[in-house]
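Below: the structure, in structure tokens.
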Amino acid sequence: MSATKSEAKAENWIKNLQNGNIKSKKMQILKYIKDNPKCSLETIRNKTGLPHQTVTGSISTFMDEGLVKFVGKVESKNNIYSLHEYVTDMAEMYALKEQRNKEKMLHWAKYGLDRFYSLLTPATQNALIGIANLNTVSDKDANQQEKLF
109 MSATKSEAKA ENWIKNLQNG NIKSKKMQIL KYIKDNPKCS LETIRNKTGL
159 PHQTVTGSIS TFMDEGLVKF VGKVESKNNI YSLHEYVTDM AEMYALKEQR
209 NKEKMLHWAK YGLDRFYSLL TPATQNALIG IANLNTVSDK DANQQEKLF
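With this note's numbering applied, the sequence shown covers 109 to 257.
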């Protein structure tokens, strides 16, 4: 089975980390996160000297691929920053990637409904409502299950 373009890119990043091929800005950021668990965006930015937008964009891309995960928050200079960690377990990477895709789909479904409802065809409205309801139901079920334990 051939890897998707996205999976091939993630595999290439992992391979480059293992081989010490840290030439691009993205690779500098990924290496820093790997070498410094629970690091914040502010710390990554200060230690690498890279612009805020480069760091946030790279972290978002790595989270989309399941290579980096959110592990908490820290307050610094009246700002709250997310803490991130490199993911080493392949099963966890795939699970995080799948969860991130679901979260993005839910976000865009709700955004489409909120912003463009009157412009959408009834079929598109129903499709977006279905996506939003599926995710909402599964979230409620998960919350109810948590209360049981």
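Every residue, glycine too, gets a C-beta built ideally from N, C-alpha and C.
Closest by CA to residue i, which one among the options?
| i | options | result |
| --- | --- | --- |
| valine 182 | Leu175, Glu150 and Asn127 | Glu150 |
| lysine 134 | Pro145, Lys117 and Lys146 | Lys117 |
| valine 70 | Thr229, Val195 and Glu211 | Lying outside 109 to 257, the shown extent of the chain, residue 70 is not represented and no answer is given. |
| alanine 240 | Glu211, Met201 and Ser114 | Glu211 |
| lysine 55 | Trp121, Cys147, Ile237 and Ser226 | Nothing in the structure corresponds to residue 55, since the chain is present only between 109 and 257. |
| serine 184 | Asn154, Arg208 and Leu236 | Asn154 |
| lysine 142 | Leu158, Gly157, Leu125 and Tyr225 | Leu125 |
Evaluate residue i with the Cβ neighbour count: other Cβ atoms within 10 Å of its Cβ, from every protein chain shown; 16 or more gives buried, anything less gives exposed.
| i | result |
| --- | --- |
| methionine 198 | exposed |
| glycine 174 | buried |
| leucine 223 | The sequence given here has arginine at residue 223, not leucine. It counts as exposed. |
| serine 166 | buried |
| alanine 231 | exposed |
| lysine 123 | exposed |
| glycine 220 | buried |
| lysine 131 | exposed |
| lysine 113 | exposed |
| glutamate 119 | exposed |
| proline 227 | Reading off the sequence, residue 227 comes out as leucine, not proline. By the 10 Å Cβ count, leucine 227 comes out exposed. |
At which residues does the alpha helix (DSSP H) containing residue i begin and terminate?
| i | result |
| --- | --- |
| asparagine 127 | 113-127 |
| tyrosine 154 | The sequence as given places asparagine at residue 154; tyrosine does not occur at that position. Run containing asparagine 154: 149-156, per the alpha helix (DSSP H) assignment. |
| lysine 131 | That residue, lysine 131, is in no alpha helix (DSSP H); it is neither H nor E in DSSP. |
Would you call the region 185-199 and the region 213-229 touching, i.e. three or more CB-CB distances under 8 Å? no
Report the start-end ranges of each alpha helix (DSSP H) in the region 167-252 that is 4 residues or longer and not cut off at the edges. DSSP runs (the alpha helix (DSSP H)) wholly in the region 167-252: 198-224.
The region 160-172 contacting the region 137-147, beta-carbon criterion three pairs below 8 Å: yes
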